[in-house]
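Engineer: Got a structure here, written out as structure tokens. Questions coming.
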Amino acid sequence: MLEICVACFVSVMIPAPLRPYHAAFEVLLVAAGFGAVAAMARHPHVVSDSRLVLRTGFLGELAVPREAVRTTSRVMRSISGRGLRPVPGEERAVVCSVASTVNVRIQLDPPVAVDLGKRGMVQASEIYVSADSPEAFLRAVRMSGTP
195 MLEICVACFV
205 SVMIPAPLRP
215 YHAAFEVLLV
225 AAGFGAVAAM
235 ARHPHVVSDS
245 RLVLRTGFLG
255 ELAVPREAVR
265 TTSRVMRSIS
275 GRGLRPVPGE
285 ERAVVCSVAS
295 TVNVRIQLDP
305 PVAVDLGKRG
315 MVQASEIYVS
325 ADSPEAFLRA
335 VRMSGTP
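Adding 194 to a residue's 1-based position in the sequence shown gives its number in this note's numbering.
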């Protein structure tokens, strides 16, 4: 919303012949922002009896067999980056989040093969994720199985 207000003020300051280009750029910028928010809101994590689908909005997802989940717990940790990525210094841990801050740890046994694209495959025994409501996510995982 702030971008729309700022765009109006900037439009007044730029020369008239450039205003249509600026308007087109601002429309694309605002649409991309709303699209990113919509992608996050419409792609929550999914917990079922057979699998967990951990989503990072428009950055992808990771499906984990439910029987591989051993424990889940709250954790507050900052791991730089976005999307599905390895945890620096921990060869068997991955992060599946939109932002750097994660608040849930999922421990797996047996480890699950995770394809990190250019970074290769990892046999993950820990996954860190972000949940809007960590307690509700942990409760849903626990109700779907017996960790």
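Each residue gets a CB set at the ideal place from its N, CA and C atoms; glycine is no exception.
1. How far does the beta strand (DSSP E) with I321 in it extend, from its first residue to its last?
2. Consult DSSP for P341 and reduce its assignment to one of helix, strand or coil.
3. Can the beta-carbon of Q317 be found less than 9 Å from the beta-carbon of A330?
4. Taking buried to mean at least 16 other C-beta atoms within 10 Å of its own C-beta, is V281 buried or exposed?
5. Looking at the unbroken beta strand (DSSP E) that takes in L212, where does it start and where does it end?
6. Consult DSSP for L310 and reduce its assignment to one of helix, strand or coil.
7. I need the DSSP call for V258, collapsed to helix, strand or coil.
8. Classify A287 as helix, strand or coil using the three-state DSSP reduction.
9. I need the DSSP call for V221, collapsed to helix, strand or coil.
10. Quick one: what's got a C-beta closer than 8 Å to G227's C-beta in the same chain, skipping five residues either side?
11. If we define contact as Cβ-Cβ less than 9 Å, is G283 a contact residue for chain D?
12. Do you know how far the Cα of C202 is from the Cα of V231?
13. S291 to S274, Cα distance in whole Å?
14. Which residue marks the beginning of the alpha helix (DSSP H) containing S205, and which one marks its end?
Structural biologist: From the atom records:
1. 315 to 323
2. Because P341 carries a pLDDT of 46, less than 50, the predicted location of this residue cannot be relied on, and the following value inherits that uncertainty. It is coil, neither helix nor strand.
3. no
4. buried
5. Run containing L212: none; DSSP gives neither H nor E here.
6. coil
7. strand
8. strand
9. helix
10. E197
11. The structure shown contains no chain D, having only a single protein chain.
12. 22 Å
13. 10 Å
14. 196 to 207
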